[in-house]
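Everything below concerns the one structure shown next.
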Amino acid sequence: MSQRKTAFIAIVGKPNVGKSSILNRLLGQKVAIVSAKPQTTRTKIMGVLTEDDTQLVFTDTPGFHKPKTKLGEKMIKAVDDSIGGVDSCLFVAEATGDIKPDELDLLKKLKAERIPVVLAINKIDMVGDKQLLMSRIVELTGVMEFDAVVPVSARDGDGMQALKEELFALAEESDFFFPEDTLTDQPERVLAAEMIREKLLHKLSDEIPHGIAVSIEKMRERDDKPILDIEAIIYCEKESHKGIIIGKKGAMLKEVSTNARHELERFFECKVNLQCWVKVKEDWRNREGLIHNFGLD
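The opening position of the sequence shown corresponds to residue 1355 in the working numbering, with each subsequent residue numbered one higher.
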């Protein structure tokens, strides 16, 4: 029997570069929600990929940014904690654009840790001029020497096999830390809440999503039928936001609930009866108790 190997890898980068999309692609299963809104990921999400004699344990982190709320401060602490507790990092950057100050700060942190770092240049499917891609790679590698550079598209899968091979090469001899069929550390209630929040992110304007949290109040499979009953409360920060989330004659909430139910049924592989309510908790992102209650610390 061949010697088992493992690696703990933090996925880091500025907001909205596709970290969660890359994690989902690597795992072949959705464990992290995805949207075009920045700062979609709020906490550390662990994903486990086991193939043959190698196990990779990923931590998907919130986008690195300048925090403006207590929730934002906790998100940045999650990034710092992740970098300090892993064997290596996967740094994700977009295929075009200049290096942002937040990216430079993050690269300085990675340099200080003296751990292997693989650079994934994501969203190459959106680049028509490959010279722009090469310029981006030259700029980033001029700031830091990476162990590998892999252009990828999390959207269509291009380059993902090459990225996986580079990440497997980081693993070192060790017993597995998780059973081979482990996919994530996220409890089912958290996964359900995040799937509902994802559908809200897709439908709502830019201002509202950051002030939304979802709490699963009930999650129970019926004894007599293969139906999963889920009751969720959507919290927002303003009464005006509540009206927008519910929509005219409840149309927005109904559409979000229907989209979330379909996603939940695919994930849990059973019929789901989903009931959602909307409540206001003013300025909850700056209230320690509420941040804790929503499991975001």
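Ideal placement from N, C-alpha and C gives every residue a C-beta, glycine not left out. A quick note: this is a predicted structure, and the numbers were derived from the prediction, not measured.
Query                                                                                                                               : Result
Ala-1614 (DSSP reduced to helix, strand or coil)                                                                                    : helix
Bridge-paired residues (DSSP) for Asn-1476                                                                                          : Glu-1448
For Pro-1505, the three-state DSSP class (helix, strand or coil)                                                                    : strand
Length of the line joining the Cα atoms of Arg-1639 and Gly-1382                                                                    : 32 Å
Start and end residues, alpha helix (DSSP H) containing Lys-1463                                                                    : 1455 to 1467
Where Thr-1495 falls: helix, strand or coil (DSSP)                                                                                  : helix
Contacts around Asp-1637, its chain only, beta-carbon distance under 8 Å, and the 5 residues preceding and following it disregarded : Glu-1591
Residue(s) in a DSSP beta bridge with Ser-1528                                                                                      : In DSSP, Ser-1528 forms no bridge with anything.
Simplified DSSP state of Gly-1372, which is helix, strand or coil                                                                   : coil
Test item: CB-CB of Phe-1532 and Val-1385 under 8 Å                                                                                 : no
Rounded straight-line distance, which links the Cα of Asp-1577 to that of Asp-1512                                                  : 44 Å
Touch test, the stretch 1545 to 1553 against the stretch 1568 to 1587, Cβ-Cβ under 8 Å, three pairs minimum                         : yes
Proximity below 8 Å, CB of Ala-1447 to CB of Gly-1496                                                                               : no
Of the listed residues Leu-1377, Val-1411, Gln-1540, nearest to Asp-1529 (C-alpha basis)                                            : Val-1411
is_contact[Gly-1367, chain C] using C-beta, thresh 8 Å                                                                              : The structure shown contains no chain C; it is built from a single protein chain.
Nearest to Thr-1360 (by Cα), restricted to the options Gln-1629, Ser-1559, Phe-1522                                                 : Phe-1522
Phe-1621 to Thr-1612 span [Cα, whole Å]                                                                                             : 14 Å
Distance between Gly-1604 and Ser-1375 (C-alpha atoms, nearest Å)                                                                   : 31 Å
Reduced DSSP secondary structure (H/G/I, E/B, other) of Arg-1379                                                                    : helix
Residue range of the alpha helix (DSSP H) that includes Ser-1569                                                                    : Taken as a continuous stretch (DSSP letters only), Ser-1569 belongs to no alpha helix (DSSP H), being part of the beta strand (DSSP E) at 1567 to 1575.
Cβ-Cβ distance between Ala-1525 and Ile-1584 below 8 Å                                                                              : no
Simplified DSSP assignment, three categories, for Ala-1364                                                                          : strand
Burial state of Arg-1379 (16 or more Cβ within 10 Å)                                                                                : buried
One or two residues paired with Gly-1664 in a DSSP bridge                                                                           : Residue 1664 falls outside the range modelled here, since the chain spans only 1355 to 1651, and no answer is possible.
Residue of Arg-1543, Val-1472, Met-1498 minimising C-alpha distance to Val-1506                                                     : Val-1472
Nearest-angstrom Cα separation, counted from Asp-1483 out to Glu-1575                                                               : 52 Å
Boundaries of the beta strand (DSSP E) in which Leu-1582 is found, first to last residue                                            : 1581 to 1590
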